[in-house]
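Contents: one structure, followed by commentary.
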Amino acid sequence: MLDTTKDIILIIEKDPDNTKLFSFIFKNQDFHVLYAQKITDAQKLIDRFEIKLIISDLINIGGDIIDFFEYVESLYPHVKRMLLTDYIDNQKLSDAINRGRIFNYLQKPIDPKKLIVVIKNGLEQYNLAKSNEDLLVNLKSKNIELKELLIELKNEEEKFRNIFNSSPDASFIIRNDGSVLLSNLSAKQICRTYHSTCRSLSIFDLIRSDNPVGLKNYLAGINKNTSSTTEVYIEFPDKKKTNYYELKGYVLNYKGEDCIRITLRDISVKKEMEKKVIQTIIQTEEKERKRFAQELHDGIGPLLSTTKLYLQWFNKPESKMDKGIIISKMEETLEETVASIREISNNLSPNTLNSFGLGAALKTFINRIRNVSDIDFIYINKLNKRLNEQVEITIYRLVCELINNSIKHSEAQSVNIKIEENDEIDISYSDDGKGFNVAEKINENKGAGLINLSTRIQSLGGLYKIDSHPGKGTKVHIKLSAN
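So for the sequence shown, the numbering used here puts the first residue at 117; every next one is plus one.
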């Protein structure tokens with residue numbers, strides 16, 4: 117078996133004595149030797165094995181060695197070729213050098229030491245040329261991969277910049293010390309209000325936080341992958357206002373540097389709505405407390421005072437009125453007091469609602485309104501079962517509030533109320549009153565009732581829509597979960 121791990125040389129030699137001499141000379145060398153007596157045999161061997169060097173005589177080899185060397189040059193350009201001959205022909209030698217591209221020429225008789233030196237030099241040249249070729253091929257492949265990677269990185273960077281710049285939320289890429297490296301268009305607009313560029317500002321000069329942990333600790337937490345969103349605010353000096361933002365950050369590598377990208381989502385409108393909701397809740401609670409206090413003062417107070425006078429009468433010996441009559445009057449007054457207390461309690465949580473359900477409670481309430489109002493009520497209730505207590509109370513309060521609004525503000529002639537249950541509770545309410553501009557009412561802070569309505573609905577995870585225009589009445593559609 118041929119050891120293909122060793123370098124292989126090919127000797128084209130017809131003389132068997134020379135072949136034996138070669139075998140003796142190369143006996144202990146670290147390369148393997150193949151022999152061919154003629155060119156056709158040599159051609160088969162070179163096509164089969166990775167031969168690195170060919171040694172040949174000029175004559176008696178079954179063909180023209182120059183033509184063979186040209187053939188080898190065309191297919192295996194790194195294979196080294198040399199002549200070893202005792203035949204002197206200057207033209208042949210010239211052709212061997214110019215056409216056959218031989219790298220050396222030795223004359224017979226053979227000098228073993230010189231021959232081995234020449235062979236080793238030839239093998240070194242082959243290995244170096246082949247190594248350089250492999251290196252160039254690998255380098256070209258790496259260059260192609262690098263170009264493709266650069267194109268991909270460029271495309272990704274362009275995609276990132278497009279997303280970064282087109283975001284409606286202000287975005288910054290910052291170092292850990294807060295210095296700004298990159299900002300999008302929305303962020304630049306914020307920085308302009310400080311008559312400055314984002315690059316000249318520290319993020320800590322721009323953003324404030326009420327969070328006791330602090331913005332610096334929050335950003336440090338991002339580096340440890342432990343932080344979530346936080347709430348911050350920016351004070352605008354020119355506009356003399358404060359905007360609130362939800363800040364979200366994450367770590368990224370920007371131009372070979374570990375940085376932080378932070379995004380600011382404006383939640384000022386949301387904060388203002390939350391503020392209005394809280395104010396409305398407080399105002400509603402205060403209004404309820406005042407109403408409750410007034411009812412106690414105006415309704416129960418006089419009755420209790422009267423009862424007290426009757427009791428004081430018993431301590432007056434000169435009084436001549438029949439005690440039985442006084443006791444009867446006291447009983448009547450106490451009964452009226454109990455009835456008044458019951459009425460106040462009924463207004464807070466109607467007894468009819470607790471005992472007979474939503475349909476009966478609303479019907480009772482509407483009948484009371486009919487007795488003192490000219491409004492024509494059309495009330496349709498398709499609920500066929502009791503609902504969750506909190507849901508029933510909420511719907512009752514919502515409908516009562518809508519009816520009161522129609523009576524007080526709309527100048528309506530008719531009101532339509534329809535309640536039905538499909539997958540959810542659907543409540544449709546409409547009146548033919550003078551209507552109003554919904555957005556203006558809320559913006560003018562005159563829409564406390566609307567915000568209260570919204571708060572009640574949202575407390576149950578419901579949805580609602582108000583459709584009203586001046587001169588066109590009002591329509592309200594509410595969807596609530598039955599649970």
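Where is the CB? At the ideal position from N, CA and C, for every residue including glycine.
{"Asked": "Backbone CA spacing between Q662 and D250 [nearest angstrom]", "Found": "Since the displayed the chain opens at 117 and closes at 599, residue 662 lies outside it and no answer follows."}
{"Asked": "L317 beta carbon less than 7 Å from that of I376", "Found": "no"}
{"Asked": "DSSP-derived helix/strand/coil call for Y242", "Found": "helix"}
{"Asked": "Beta-carbon spacing of L169, G238 below 7 Å", "Found": "yes"}
{"Asked": "Any chain C beta carbon closer than 7 Å to S471", "Found": "Looking for chain C here will not work: only one protein chain is present."}
{"Asked": "Contact set for R381: own chain, Cβ-Cβ below 7 Å, skip 5 residues either direction", "Found": "D285, Y361 and E362"}
{"Asked": "Outcome for T313 when other beta-carbon atoms lying within 10 angstroms are tallied against a minimum of 16", "Found": "exposed"}
{"Asked": "Selection from Q207, K196 and L231 that minimises the alpha carbon distance to L244", "Found": "K196"}
{"Asked": "Cα-Cα separation between S570 and Y580, rounded to whole angstroms", "Found": "8 Å"}
{"Asked": "Every unbroken alpha helix (DSSP H) inside the region 197-281 [4 residues or more]", "Found": "206-214"}
{"Asked": "Unbroken stretches of the beta strand (DSSP E), 3 residues or longer, contained in the region 441-504", "Found": "492-497"}
{"Asked": "Among K550, I594 and L199, the one whose alpha carbon lies nearest that of K588", "Found": "K550"}
{"Asked": "Cα-Cα separation between I397 and L566, rounded to whole angstroms", "Found": "12 Å"}
{"Asked": "Three or more C-beta pairs below 8 Å linking the region 504-519 and the region 473-481", "Found": "yes"}
{"Asked": "CB contact flag (I533, L499, <7 Å)", "Found": "no"}
{"Asked": "Cβ separation of D173 and T135, assumed to be a contact under 8 Å, to the nearest whole Å", "Found": "In fact, because the Cβ distance is near 11 Å, the residues do not count as touching under 8 Å."}
{"Asked": "R291 in three-state terms, based on DSSP", "Found": "coil"}
{"Asked": "Coil, strand or helix - G365 by DSSP", "Found": "strand"}
{"Asked": "Bounding residues of the alpha helix (DSSP H) (the contiguous stretch that carries R67)", "Found": "No statement about residue 67 is possible, as the shown extent of the chain runs from 117 to 599 and does not include it."}
{"Asked": "For D321 and F280, the rounded distance between their alpha carbons", "Found": "22 Å"}
{"Asked": "Reference R502; option with closest CA among T468, V531, I267 and R486", "Found": "T468"}
{"Asked": "Span separating the alpha-carbon of E351 from that of G337", "Found": "25 Å"}
{"Asked": "Test item: CB-CB of V454 and I491 under 7 Å", "Found": "no"}
{"Asked": "Sequence-distant residues of the same chain with beta carbon closer than 6 Å to F493, five excluded per side", "Found": "I482 and V531"}
{"Asked": "At least 3 beta-carbon pairs within less than 8 Å: the region 145-161 vs the region 214-228", "Found": "no"}
{"Asked": "Buried or exposed (CB count within 10 angstroms, at least 16 for buried), I204", "Found": "exposed"}
{"Asked": "Limits of the beta strand (DSSP E) - the one that E186 falls within", "Found": "Counting along the chain, E186 falls outside any beta strand (DSSP E), though it belongs to the alpha helix (DSSP H) covering I181 to L191."}
{"Asked": "Exposed unless 16 or more other CB atoms sit within 10 angstroms - verdict on F288", "Found": "buried"}
{"Asked": "Cut-off 6 Å between Cβ atoms - residues of its own chain near G179, not counting five sequence neighbours on either side", "Found": "I155"}
{"Asked": "H585 and S544 closer than 7 Å at C-beta", "Found": "no"}
{"Asked": "Assigned exposure category for V296 - 16 Cβ within 10 Å defines buried", "Found": "buried"}
{"Asked": "Boundaries of the beta strand (DSSP E) in which I582 is found, first to last residue", "Found": "L579 to S584"}
{"Asked": "Separation of P353 from S526, as counted between CA atoms", "Found": "43 Å"}
{"Asked": "Identified DSSP bridge partners for L380", "Found": "A286 and L363"}
{"Asked": "Bridge partners - Y151, DSSP secondary structure assignment", "Found": "I127"}
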